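Converting from the sequence shown to the numbering used here requires adding 132 to each position, the first position being numbered 1. Backbone N, C-alpha and C fix where the C-beta goes; we use that ideal spot for every residue, glycine too. In this text the structure is predicted, and so the values were computed from the model without any measurement. Worksheet for the structure shown next.
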Amino acid sequence: ARAARLTLATLALTTRVEGTPHVVGKTGRCSFWIGRSQGNEWRSAKHSLRLRRIRQHLLGGFASRGVSETACEDTSGMGETLMIVKKACDALAPLVRSVYYSQSSETSQTKADKSMFTIADGMVQELLLNHLFKRVKFKDIVAEEDIDCNIRDTPFKVGDLTIPTDSKITKEVVKAKEILDRYSTELESLSKSRDDLLKSLTLFLDPIDGTKEFVQKRGEACTICVGFARDGIADAGIVYRPIPDLRTWAAGCKRVGYFAGELNPTENSQDKSGPLFVTPSSVSPFIQKVIDEMKGTRLAVGGCGHKSLMLLEKPNSWYILDRGLSRWDTCAAQAVLEARGGGLCKLTGICDPKAPSEAKLDCYTYRKASTNPDMNDLAYLTPYNIRKEEKAQFAKSGVKERAVRSVDELDPNANICGCLAYSQIPKEKMQALIMAIKRASASTLPFYT
């Protein structure tokens, strides 16, 4: 009886704000939101971890059943699609963790551009593309890893890396295959019932965002990023942290007013004195000047997906950089932030001295393309943004960077226009940051890569 009362109390969190379904709650260290996320009109309630477990037991896990239709009234099926992907990430998390805690020279290697690759990258990508999504059609697929992966027959192989047949990793792969194959059928049925809702979308996938952090045992900064683009625009996505004991994630689609997540909100100690800027470990003089202009504090963390989730967890925080990312890094993050009233845009439009301070913020183009659709004449060529066919030769040349001479040199998916990401921010604070960026760029040019 007590469990029933607690469950009813949880379900009673569902309220209506201006006629729109909305659910908000906090459980222990976690916060979650389900439903339409328009404006700041949301309610909160505190519940014990025991209540969360009861709810998960009776309802089949947070946000995994009935959310899209009952909480969001989403007839498009996009919310349900994201929740199926979320359940797939739940199934992949034990595999990612088993690789993470058993790392060695046999589970990772260095790619031609000197970036890191682990068997977790290859296996997660293979399981998502050829198991979860095997029964549905996309317009196009853009995925980070380009490497042979065999998980059909044991011993499993990822590139030159072989996984022992009797290892825990192999057992987790077998288990994940079975679960994702079931979800594949569920996803196929949903897609067909919504007129093949995925056939007009391009999938952007980063199986492990933050591989460097993964190898360095900073697992909290690693995320699985699954983004869906429609007509070149980041439309929907999920960003999922698989390694911490308390897994956190956020998913959203602004077009249908959908947002859901389990996050770890923390107070921003800088909120009263100034904003917090989450950045890579090193920043250019331009980025530092922007932070100084805003009288802010810098927090160095890794992973684009991780930083984007931090924006949802920490009030009055920003993510800014002028060096390179890729479309698979930002597609899901942008969709999630936009669904929560924020965004992710290029720096070039803000830094342009001819652009008015209140001009519409320019975003990246998300399409599978043979040439980069977002050219920047001020960018520098590096081993990370050069076209794939030239990576090895460029790395051998010993040149760290040089000015881009032609769009044909660039990787089609390289983000070479900088990045500014934010969650719900008051208009006056957004305007203050834009003016600070303009002042900083007038004296110190961004170092676009």
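query                                                                                                         : result
Rounded Cβ spacing between Val415 and Ile340 (contact assumed at less than 8 Å)                               : The pair is not a contact, with the Cβ atoms about 24 Å apart (cut-off 8 Å).
CB contact flag (Ala464, Gly369, <8 Å)                                                                        : yes
Nearest-angstrom beta carbon gap, Leu408 and Thr429 [assumed within contact, 8 Å]                             : 6 Å
Buried versus exposed, by CB contacts within 10 Å (16 or more), Gln563                                        : exposed
Length of the line joining the Cα atoms of Ser449 and Leu322                                                  : 37 Å
Supposed close pair Cys495, Lys520 - CB separation, criterion 8 Å                                             : So it is not a contact: roughly 24 Å between Cβ atoms.
DSSP state of Tyr496 mapped onto helix, strand, coil                                                          : coil
Beta-carbon proximity check, Asp549 vs Tyr516, cutoff 8 Å                                                     : Per the sequence shown, the amino acid found at residue 549 is Cys instead of Asp. Contact: no.
Per-residue burial, Gly616 [other beta carbons within 10 Å of its own, 16 or more giving buried]              : This structure gives no information on residue 616, because the portion of the chain shown stretches from 133 to 581.
Spatial distance of Phe526 from Lys532 (CA atoms)                                                             : 9 Å
Three-state class that DSSP yields for Leu330 in the structure shown                                          : coil
For Met215 and Arg197, the rounded distance between their alpha carbons                                       : Summary for Arg197: the model assigns pLDDT 29, below 50, so the residue's position carries little reliability; its value from the coordinates is reported in the next sentence. Cα to Cα, the separation comes out at about 8 Å.
Thr250 burial status per 10 Å Cβ neighbour count (16 or more: buried)                                         : buried
Every unbroken alpha helix (DSSP H) within the stretch 233-308, with a cutoff of 4 residues, ordered by chain : 251-259
Local Cβ density within 10 Å of Asp377, reported as buried at 16 or more and exposed below that               : exposed
Nearest-angstrom Cα separation, counted from Cys281 out to Tyr390                                             : 34 Å
Of the residues Leu264, Gln420, Val290, the one placed nearest Arg314, counting alpha carbons only            : Leu264
Cβ separation of Asp327 and Cys357, assumed to be a contact under 8 Å, to the nearest whole Å                 : Their Cβ separation, rounded to whole angstroms, is 26 Å, which puts Asp327 and Cys357 out of contact at 8 Å.
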